[in-house]
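Shown next, in structure tokens, is the structure this report addresses.
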Amino acid sequence: MTVLVGYIPTPEGAAALDRAIAEARSRSAKLVVVNASRGDVFVDDRFVQSDGVEALRKRLDGEDVAYELFQPIGGHDSADEVLDAAEQHGAELIVIGLRRRTPVGKLIMGSTAQRILLQAECAVLAVKAAK
Amino acid sequence: METFDLLMQGFSTAATPMNLLYAFIGVLLGTAVGVLPGIGPAMAVALLLPVTYALEPTSAFIMFAGIYYGGMFGGSTTSILLNTPGESATVITAIEGHKMAKAGRAAQALATAAIGSFVAGTIGTALLVAFTPMVVDFAVSLGSPSYLAIMVLALLAVTAVLGASKLRGFASLGLGLAIGLVGADKITGQQRLVFGQPLLVDGLDIVVVAVAIFAVGEALWIAAHLRRKPLSTIPVGRPWMGKQDWKRSWKPWLRGTAYGYPFGALPAGGAEVPTFLSYVTEKKLSKHPEEFGHGAIEGVAGPEAANNASAAGTLTPMLALGLPTNATAAVMLAAFTQYGIQPGPLLFDSEPELVWALIASLFIGNTLLLLINLPLAPVWAKLLQIPRPYLYAGILFFATLGAYAVNLQAFDLVLLLVLGALGFAMRRFGLPVLPLILGVILGPRVEEELRQSLQLSAGDPAGLFSEPIAVGTYILVALVLLLPLAISAFKRFRPQPQGVPAGAESRDEVSAAEARQGATVASGPRETIAGEYQQQHDHKEKP
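Following this line, the structure appears as structure tokens:
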């Protein structure tokens, strides 16, 4: 029994993490946190740096759920990393954050959330940032 | 007064709309390559050289000058926001600059870097205007033996003084001199190192060599180390400075300029030494020594001024003597040759319009840089989010196009790949690139001066020492080579005086041991081989 969350350090990511912790607790499942980067840029603000990781771990230690944190840098899309991790851990639920995207932006850059929603084998819960 | 008139004429050439446009393109490109680690102004100029063949030489050099100064400006942005020096000259800036940024003072750090660079660049260029004609007057009186001596000094000083390992420096210099030898001997017509290949008789084109070593070598290196843990930038608004910051910055700016210009003008100049000296001085003189190590504004202002002033200083020997002391100046010198312009002391007489327009464009470029850097620094930092595969694909495209365009020969592409592999191997084994490029560019000229000196003295080697300047320079060469050896020998064999703390003693031992290790590094372990390169590329940390 595993709940998997695709985490990035943004309001959407934080909302997804909050919800994933709550879900994991109510299902008494293990929480798997995935924060991925392709690793081919100098700067990726969505990749949690070492001090951020420390804060994240502290926060998760405070919640009474078992968790694992992964930060894969494999040259793959974040969506692939999340989907792979879900399969590997036999996740029953994937939690992701959604943000507003323009159709043009989605056309050019693609949408990680859309790929996860369409390609995941398990249930996907998409949450929005708190206003 | 005559100089002033010439400078004003230069301004009138440089301020035509077309040339202003090229200056603007130059500073934009320069800032961009400065911001991106691993891509420097030398690579940018080398890549653009073939593209600019169709231009007036004046316009092309105005653009190159913009790239050169822009690189210095851009490097500081990356240093401050990312703790990753965009250029080797901005390594020191990262020490205090990144600490300031972390403490929420990124805006002030960027502002003092940009304004300090502007102040130092302007003063440095003014010094260039003042001193270069004097150096030219002096240089015209020099004969072949003196020239030979000065070039030998520049080659050896750059090889032996800069960089961590002398052995690797000399290995790189040897490679460069060998590449420079390829082709028919100019005096006897004898073919050297052509391996029976008729296409090599004309020698290797300097553009192909520079593009291969800088661009292809770097691209292969990046491709071999593609996956890296990404960093995050520190968010920053528009750079600005308070009254207190101005008060603490202006003296370091001036002191940094005073260090930067002379060191840049020396044959063994470069920007690394003066930035370091400036940092140490500011640390000593500061009224807030406790802030150093936690983000002191003086520690950003001084080194940033020093590196821009040294950029201006480097142009003095480049224009007055035809003597480049850093990679960008070397490639620019190669550009002169490509345009059929003979570099050297006669340049000011034969191409006054070009030279003075170039100098005037430095003033203009500096001002443009301040205007585009001060408000736009956060935008420039966005460049760092370009995925490396796209970036280097573009670079390789330009590299291939450029190498082919030089002679329209497919054989040049083979050379590009072979030399690119050499560039990759040099990065892998920590060989510095600068001695190779200087060897390729200065090697043939050193040979020419040597042959000329020997012809004048009818083959008598004593003719090499026939001028007092030459003798003096050779003494300097001997000092440059022997002094470090003498110091380390002295340290090793000196009886330890009483009362020296044990720590200091053992540190001396360590550095002596390092020196020994450096001398036998050829078969050394991987760590020592990679050591120097990791210093240059410490941003590429292991994932």
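Read top to bottom, the protein sequences are chains B and P. Its first residue numbered 1, the first sequence is counted upward by one per residue in UniProt numbering. Its first residue numbered 1, the second sequence is counted upward by one per residue in UniProt numbering. Just so you know, even glycine gets a beta-carbon here, dropped at the ideal spot from N, CA and C.
Separation of phenylalanine 363 of chain P from alanine 504 of chain P, as counted between CA atoms
Its pLDDT being 39, under 50, alanine 504 of chain P is placed unreliably in this model, and the coordinates cannot settle the point.
Measure the alpha-carbon distance for isoleucine 222 of chain P versus aspartate 137 of chain P and round it to whole angstroms.
46 Å
Just tell me which of B:Gly75, B:Arg101, B:Gly97 and B:Gln88 has its CA closest to the CA of valine 124 of chain B.
B:Gly97
At which residues does the alpha helix (DSSP H) containing phenylalanine 131 of chain P begin and terminate?
Going by DSSP, phenylalanine 131 of chain P is part of the alpha helix (DSSP H) stretching over 106–140.
Quick check: what's the CA-CA separation for leucine 347 of chain P versus histidine 76 of chain B?
54 Å
Report, in whole angstroms, the separation of the C-beta atoms of glutamate 12 of chain B and alanine 129 of chain B, which I expect to be a contact under 8 Å.
Rounded, the Cβ-Cβ distance is 5 Å, consistent with contact.
Taking all protein chains shown into account, do 16 or more other C-beta atoms lie within 10 angstroms of the C-beta of tyrosine 7 of chain B, making it buried, or fewer, making it exposed?
buried
Tell me where the alpha helix (DSSP H) around glycine 174 of chain P begins and ends.
166–181
Going by alpha carbons, who is nearest to proline 129 of chain P out of P:Pro352, P:Pro85, P:Ile92 and P:Pro37?
For the sequence presented, residue 129 of chain P should be read as valine rather than proline. Considering only alpha carbons, the answer is P:Pro352.
Please list the terminal residues of the continuous alpha helix (DSSP H) segment that includes alanine 126 of chain B.
Not the alpha helix (DSSP H): alanine 126 of chain B falls in the beta strand (DSSP E), residues 123–128.
To which residues of the same chain is leucine 148 of chain P closer than 8 Å at the C-beta, ignoring the five residues directly before and after it?
Val446, Glu449, Leu450, Ser453, Leu464 and Ala470
Coil, strand or helix - alanine 55 of chain B by DSSP:
helix
With 8 Å as the threshold, decide whether the Cβ of valine 31 of chain P is near any Cβ in chain B.
First, the amino acid is wrong: residue 31 of chain P is threonine here, not valine. It does not; no Cβ of chain B falls within 8 Å.
By the criterion of Cβ-Cβ separation under 9 Å, what are the contact partners of glutamine 385 of chain P in chain B?
Val41, Phe42, Val43, Asp44 and Asp45
Check the C-beta distance from leucine 436 of chain P over to leucine 175 of chain P and give it rounded, since I have them as a contact under 8 Å.
5 Å
By a C-beta neighbour count over all protein chains shown, 10 Å radius and 16 as the cutoff for buried, is tryptophan 253 of chain P buried or exposed?
buried
Taking C-alpha atoms, which residue in P:Gly104, P:Phe170, P:Leu417 and P:Gly74 lies nearest to leucine 481 of chain P?
P:Phe170
Alpha carbon to alpha carbon, how far is leucine 285 of chain P from glutamate 291 of chain P?
12 Å
Return the CA-CA distance between glutamine 71 of chain B and proline 41 of chain P, expressed in angstroms with no decimal places.
Their Cα atoms are separated by approximately 35 Å.
Check the C-beta distance from proline 345 of chain P over to valine 140 of chain P and give it rounded, since I have them as a contact under 8 Å.
5 Å
How would you label proline 289 of chain P, buried or exposed, when you count the other beta carbons within 10 angstroms and need 16 or more for buried?
exposed
Report buried or exposed for glutamine 108 of chain P, applying the criterion of at least 16 other Cβ atoms within 10 angstroms of its Cβ.
buried
Sequence-distant residues of the same chain with beta carbon closer than 8 Å to aspartate 45 of chain B, five excluded per side:
Pro9
Please list the partners that glycine 75 of chain B has in chain P, where partner means a Cβ-to-Cβ separation under 9 Å.
Leu226 and Arg227
C-alpha gap between alanine 55 of chain B and alanine 85 of chain B, whole angstroms:
Between alanine 55 of chain B and alanine 85 of chain B, the C-alpha separation is close to 23 Å.
Please say whether alanine 29 of chain B and methionine 1 of chain B have beta carbons closer to each other than 8 Å?
yes
For lysine 58 of chain B, count neighbouring C-beta atoms within 10 Å of its own C-beta (all shown protein chains included) and say buried if the count is 16 or more, exposed if not.
exposed
Under the three-state reduction of DSSP, which class applies to methionine 2 of chain B: helix, strand or coil?
Methionine is not the amino acid found at residue 2 of chain B; the sequence shown has threonine there. The answer is strand: DSSP assigns threonine 2 of chain B an E or B state.
Within its chain, find whatever has a CB closer than 8 Å to the CB of leucine 193 of chain P; leave out the 5 residues flanking it on each side and keep chain order.
These residues qualify, in order along the chain: Ala178, Leu181, Val182, Gly183 and Leu200.
Glycine 313 of chain P and glycine 260 of chain P: beta carbons closer than 8 Å?
In this structure, the beta-carbon distance from glycine 313 of chain P to glycine 260 of chain P falls below 8 Å.
Suppose you measure from the CA of leucine 396 of chain P to the CA of isoleucine 297 of chain P; what does that come to, to the nearest Å?
Rounded to the nearest angstrom, the gap between the Cα atoms of leucine 396 of chain P and isoleucine 297 of chain P is 39 Å.
Going by other Cβ atoms of all chains shown within 10 Å of its Cβ, with 16 needed for buried, is lysine 287 of chain P buried or exposed?
exposed
Does the distance from the CB of leucine 419 of chain P to the CB of valine 208 of chain P come in under 8 Å?
Going by beta carbons, leucine 419 of chain P and valine 208 of chain P fall inside the 8 Å limit.
Counting only beta-carbon separations shorter than 8 Å, does serine 111 of chain B have a partner in chain P?
No - not a single Cβ of chain P is within 8 Å of the one on serine 111 of chain B.
Top-ranked residue by Cα proximity to proline 375 of chain P, from P:Val355, P:Leu29, P:Ile115 and P:Ile95
P:Ile115
Given a threshold of 16 other Cβ atoms within 10 Å of its Cβ, counted over all protein chains shown, does residue 567 of chain P qualify as buried or as exposed?
With chain P covering 1 to 543 only, the question about residue 567 of chain P has no answer from this structure.
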